[in-house]
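For the sequence shown, the working numbering begins at 11 and goes up steadily by one.
Input: a single structure, listed below in structure tokens.
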Amino acid sequence: MPEERRQTTGAGAPLLASRLTPGPLPGPVVLRPRLLRQLDEGSAVPVTLVAAPAGWGKTTLLTSWYQAATGGDPVRGGTVTGAAGGDRVGSPTKVGAEAPDPSESGSGRDRPDLGWVSVEVGDDGERLWSYLAAALRPDPPRSAALDGPLRSAMPDGPPRLDQLEVLAAALAARERPVLLVLDDLHRITDPAAVAGLEFLLRHCEQRLRLVAGARAGVPLAVHRWRLAGELTELGPDDLAFTRDEVADLLTAHGTALPAEGVWRLRERTGGWPAMLRFAALALPGQPDPARWVGRLGSDQPDIAGYLREEVLGGLDPDDRELLRSTAVADAACAGLADAVTGRSDTAARLAELAGVGGVLRHDDGRPPWYRCHPLLADLLRDELARLPAVDARELHRRAAGWHADNGRPADGLRHSLQGGDWSGATELLRTTWPELAPYDREGSPAPPPPPAETLARDPELALACAAERAYAGDLSAAEGYLRSAGAVRELPAPRRERFARLVAAVELAVVRWSDDIPAVRAAAARLLATHSATGASGRQDRMPATAEPRETIVEDADGWAVAGTALGLVEFAVGELGSAERQLVAASRAARTAGWVRTELAGASRVALLRAIRGELRQAETGARSALALPPGQGWSCRTDCGYAYLALAVVALLRDQPEEAAANLALAEPATMEPAAGAVVALCRSHLLRDSGDRTGGHRLLVAARERLGGPRGELGGRRGELERWLRAAEADLYAARGDLDAARELLVGAGPELAVGLARVELRAGDSRTAEAVLPDWQAPEAADWPLPVRVEAAVLHVALAEQAGDARRAHRTLEAALDLAGAEGVRRPFTRADPEIRDLLAAHLDAGTAHWSAVSDLVRGVEEPDERPGPARAALAEPLTEREVTILRYLQSILSNVEIAAELSLSINTVKTHVRNIYRKLDASRRREAVRRARELRLI
Numbered sequence: 011m012p013e014e015r016r017q018t019t020g021a022g023a024p025l026l027a028s029r030l031t032p033g034p035l036p037g038p039v040v041l042r043p044r045l046l047r048q049l050d051e052g053s054a055v056p057v058t059l060v061a062a063p064a065g066w067g068k069t070t071l072l073t074s075w076y077q078a079a080t081g082g083d084p085v086r087g088g089t090v091t092g093a094a095g096g097d098r099v100g101s102p103t104k105v106g107a108e109a110p111d112p113s114e115s116g117s118g119r120d121r122p123d124l125g126w127v128s129v130e131v132g133d134d135g136e137r138l139w140s141y142l143a144a145a146l147r148p149d150p151p152r153s154a155a156l157d158g159p160l161r162s163a164m165p166d167g168p169p170r171l172d173q174l175e176v177l178a179a180a181l182a183a184r185e186r187p188v189l190l191v192l193d194d195l196h197r198i199t200d201p202a203a204v205a206g207l208e209f210l211l212r213h214c215e216q217r218l219r220l221v222a223g224a225r226a227g228v229p230l231a232v233h234r235w236r237l238a239g240e241l242t243e244l245g246p247d248d249l250a251f252t253r254d255e256v257a258d259l260l261t262a263h264g265t266a267l268p269a270e271g272v273w274r275l276r277e278r279t280g281g282w283p284a285m286l287r288f289a290a291l292a293l294p295g296q297p298d299p300a301r302w303v304g305r306l307g308s309d310q311p312d313i314a315g316y317l318r319e320e321v322l323g324g325l326d327p328d329d330r331e332l333l334r335s336t337a338v339a340d341a342a343c344a345g346l347a348d349a350v351t352g353r354s355d356t357a358a359r360l361a362e363l364a365g366v367g368g369v370l371r372h373d374d375g376r377p378p379w380y381r382c383h384p385l386l387a388d389l390l391r392d393e394l395a396r397l398p399a400v401d402a403r404e405l406h407r408r409a410a411g412w413h414a415d416n417g418r419p420a421d422g423l424r425h426s427l428q429g430g431d432w433s434g435a436t437e438l439l440r441t442t443w444p445e446l447a448p449y450d451r452e453g454s455p456a457p458p459p460p461p462a463e464t465l466a467r468d469p470e471l472a473l474a475c476a477a478e479r480a481y482a483g484d485l486s487a488a489e490g491y492l493r494s495a496g497a498v499r500e501l502p503a504p505r506r507e508r509f510a511r512l513v514a515a516v517e518l519a520v521v522r523w524s525d526d527i528p529a530v531r532a533a534a535a536r537l538l539a540t541h542s543a544t545g546a547s548g549r550q551d552r553m554p555a556t557a558e559p560r561e562t563i564v565e566d567a568d569g570w571a572v573a574g575t576a577l578g579l580v581e582f583a584v585g586e587l588g589s590a591e592r593q594l595v596a597a598s599r600a601a602r603t604a605g606w607v608r609t610e611l612a613g614a615s616r617v618a619l620l621r622a623i624r625g626e627l628r629q630a631e632t633g634a635r636s637a638l639a640l641p642p643g644q645g646w647s648c649r650t651d652c653g654y655a656y657l658a659l660a661v662v663a664l665l666r667d668q669p670e671e672a673a674a675n676l677a678l679a680e681p682a683t684m685e686p687a688a689g690a691v692v693a694l695c696r697s698h699l700l701r702d703s704g705d706r707t708g709g710h711r712l713l714v715a716a717r718e719r720l721g722g723p724r725g726e727l728g729g730r731r732g733e734l735e736r737w738l739r740a741a742e743a744d745l746y747a748a749r750g751d752l753d754a755a756r757e758l759l760v761g762a763g764p765e766l767a768v769g770l771a772r773v774e775l776r777a778g779d780s781r782t783a784e785a786v787l788p789d790w791q792a793p794e795a796a797d798w799p800l801p802v803r804v805e806a807a808v809l810h811v812a813l814a815e816q817a818g819d820a821r822r823a824h825r826t827l828e829a830a831l832d833l834a835g836a837e838g839v840r841r842p843f844t845r846a847d848p849e850i851r852d853l854l855a856a857h858l859d860a861g862t863a864h865w866s867a868v869s870d871l872v873r874g875v876e877e878p879d880e881r882p883g884p885a886r887a888a889l890a891e892p893l894t895e896r897e898v899t900i901l902r903y904l905q906s907i908l909s910n911v912e913i914a915a916e917l918s919l920s921i922n923t924v925k926t927h928v929r930n931i932y933r934k935l936d937a938s939r940r941r942e943a944v945r946r947a948r949e950l951r952l953i
């Protein structure tokens, strides 16, 4: 920094140069082009706010962006900050650096100047304005005409209103706008300084833009800027490392993990940059890195110390106590927090802690639910464990009471057992047992077991413990408690009948995880047989084909809801989709009759997905949104069930050719992917999206992995599991055909089923064999085709259209196209048209002239159709392991004449890091030298 920048305040105190420029980046640094682009584009508005708790990489990001802006590095997403100054002409210039002649590269108004101020604790208004003036004042001035007014308007101390007006006018008259970066904005405590800064932002005609990093307590009127559409926000979700970025960070630190280990590290840390850096530093010394990652927690000294000092240390003691008390639960709303703490002000405090840059996150429910980052929650629970036992039990009992009174009996049961409230636990089991059936593996730690003598006296308590463990997916513990309950020989008659029903319900809960349809059917029949004790129905010797209640009384609906849901879930898990849908529809109706909303959610969410797969998009969309609106889905509960509902919405969006909405819902559906059937649907959707974006290799990899999870390359498990497996095979074959490997595609399509037949016809048509394509293509208008999934019928119809067009029968082609539009229009299915071959696009355009009852829809389709870049060519093998974003960046440099040392300098990486990436590129591309790797990448259209 030039000596001229070492100015003094009015009081004569010197200004530190280190506060007027960003400090050095902590090495090694992973470049993150996506975030630099977000800042670049977002800085076109007056305020850009990067807000997150400590350790989320705010300063690192702002420093990287500032350095990229002043250097104009094209590798980092284009001329950074070009969006802030208008068109991307020229490069940004530091305030205080000698600027080039504006005539050399377009208008001078196209290149913003940059200033930097690091705010420190204790900065009063006078001190802060001294630094702001130094950052805004051009030094040395480019010309008296350009910069004289601004320099003369700059006050020596906190400005008065009239001085602010003069300064705003001088900024508005500048040739170039100024981008002012304020790091640690939350440290500004002088309201007058904030008001003055906001005055300038509002009245300088956008010639001053603010880019700020902050933790909680941002002093700006964020809501006002947000409402005016003049605010760009980046938060923890944006700053979190992706899996590829995690892999890059590990590589930069000279360590590596297998793909599964990277995934676990990303999940455990939530992408929190500081936690990832701690992990990267600790991993090289671990004998079993993958196992260490699986156990990563707040018990690591560095992580615990950082969380205590940097995250919790700045909180008010009352707020810290609130966080600790509510950590007794995985998530908390204001009502639960009030009950646990005995306070009445938690709604306001939780909202404040979840504000911009806060330590809590909230969902979109009403009322909102809040939770901490998992590592922070671990630390808070460690502090809870150090409380006196009586205090900890009291917190759990309070939580149990609130959950039981608010329709969350599973959580109430867990807290009752943790709080030692044995009578409360057994009462919850007796009165709410249908809601204690497990529908996703919660994975919560086991409560301490009751004393053995207490279990011996009360077998229903043993059943309560078994139900809690079955709900958590801990089957061995659940079976142990069941054996304890079964050891009781004598019970009074009324209690014996009730006990038998509870035993049958818990046994069904345990066996449900086996995916063994006969065992689940037998357990469901035993549960329904116990209903005879109420006199409401006769004994059932076996489970009927469809678990539909024959009576409408609540007690009868209890058994049908639980038994039918269990059987429907296991049939869905093994791929018997039609039977699963019938079971779950009936069970959801029974659950609604009985008022068991948790059980209703489990069935309704999966029914929505099954209907989406079949192409019943309107019912699927309505059912999914209704399921998500049920109370059990709030507060990050029932994540698997909600994941199925989001997956249904993703399928709907995909078939309607809404890729952004499909991708967003797929991200929310992630919890459901733990189950292979749902994982297959997710893989199918993502493979289509990847293919649309040109990444056929990535799409192929997903499909192969999904088929292996379903039971091997050809679905050896048999049964109706083949329905999902056929969808995967058809999609994979289409990818092979798109690459020109027609023999591999034909091999995959051997077998029965409309999905495979339609896929084979598409392959033959792509091969130019219209006669064979017409011979294998099934009749989409035949009576039996009414049972096909709608997307398959529409695709078959579109292929018939293409065949008619190739045969020169334009009349038949248009007639068939109109019928296909009739079929697809009711549900809004678009993808078979928009992603079809080019001749369909041309035919759609001609169909407008020929006359159609779907003129508006066809016009929209013609506008939305994209010609796929999938011309047949030489067969190319898919990459077994895709390149990361960083590897693709380095691969582009390998096309140049730059050496590895020069590439490292360009990317601000160490030479060893670049060499590691190059070795990975060679391995993945099966190349031995640079030229061969570049040639291979071009063949695969990676560059």
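We put the CB at the ideal spot given by N, CA and C, even for glycine.
Can you check DSSP and say which residues form a bridge with residue i?
| i | result |
| --- | --- |
| W126 | V191 |
| H372 | Y380 |
| T242 | T58 |
| L218 | V188 |
| G223 | V60 and D193 |
| A342 | Y380 |
What is the rounded straight-line gap between the Cα of residue i and the Cα of residue j?
| i | j | result |
| --- | --- | --- |
| G958 | E175 | With the chain represented from 11 up to 953, any question about residue 958 goes unanswered, as that position is not in the structure. |
| A238 | L665 | 35 Å |
| R276 | A762 | 41 Å |
| P460 | L438 | 16 Å |
| A823 | E765 | 22 Å |
| E404 | L363 | 25 Å |
| R701 | L46 | 26 Å |
| V513 | H413 | 24 Å |
| R147 | Q310 | 47 Å |
| D340 | P384 | 9 Å |
| L620 | Q216 | 52 Å |
| P457 | P528 | 32 Å |
| T279 | G368 | 17 Å |
| E949 | E891 | 16 Å |
| V488 | Q48 | Here residue 488 is Ala; the residue named in the question, Val, does not match the sequence. If you take the alpha carbons of A488 and Q48, they lie about 50 Å apart. |
| S647 | L952 | 41 Å |
| T442 | P419 | 7 Å |
| V232 | G483 | 44 Å |
Let me check understanding here. Comparing Cα to Cα, which of the options lies closest to residue i?
| i | options | result |
| --- | --- | --- |
| D667 | L713, A771, S589 and R845 | R845 |
| V228 | D194, P398 and R42 | D194 |
| F582 | A687, A395 and A532 | A687 |
| G411 | T31, A435 and A510 | A435 |
| A262 | E270, L293 and W235 | L293 |
| G721 | R359, P504 and L734 | L734 |
| R301 | L446, P36, L286 and P268 | P268 |
| V530 | E517, H541 and A539 | E517 |
| A515 | V129, L538 and R506 | L538 |
| R137 | G125, P122, D123 and P169 | P169 |
| V129 | P43, G37, R225 and E51 | R225 |
Kindly examine the ligand NAP and report whether one of its heavy atoms sits closer than 7 Å to the Cβ of residue i.
| i | result |
| --- | --- |
| L713 | The ligand NAP is not among the ligands present in this structure, which contains no ligands whatsoever. |
Open item on the list: Runs of 3 residues minimum, wholly inside the stretch 21 to 73: which ones carry the beta strand (DSSP E) assignment?
Closed with: 57 to 61
- [ ] Inspect the CB distances between the stretch 416 to 433 and the stretch 585 to 603 and report whether three or more fall short of 8 Å.
- [x] no
Task: Meets three-Cβ-pair contact criterion under 8 Å: the stretch 896 to 914 and the stretch 933 to 945 - done: yes
Open item on the list: With three or more C-beta pairs closer than 8 Å as the rule, is the stretch 804 to 818 touching the stretch 771 to 778?
Closed with: yes
- [ ] Could you tell me whether the stretch 672 to 680 touches the stretch 642 to 656, using the rule of 3 or more Cβ pairs below 8 Å?
- [x] yes
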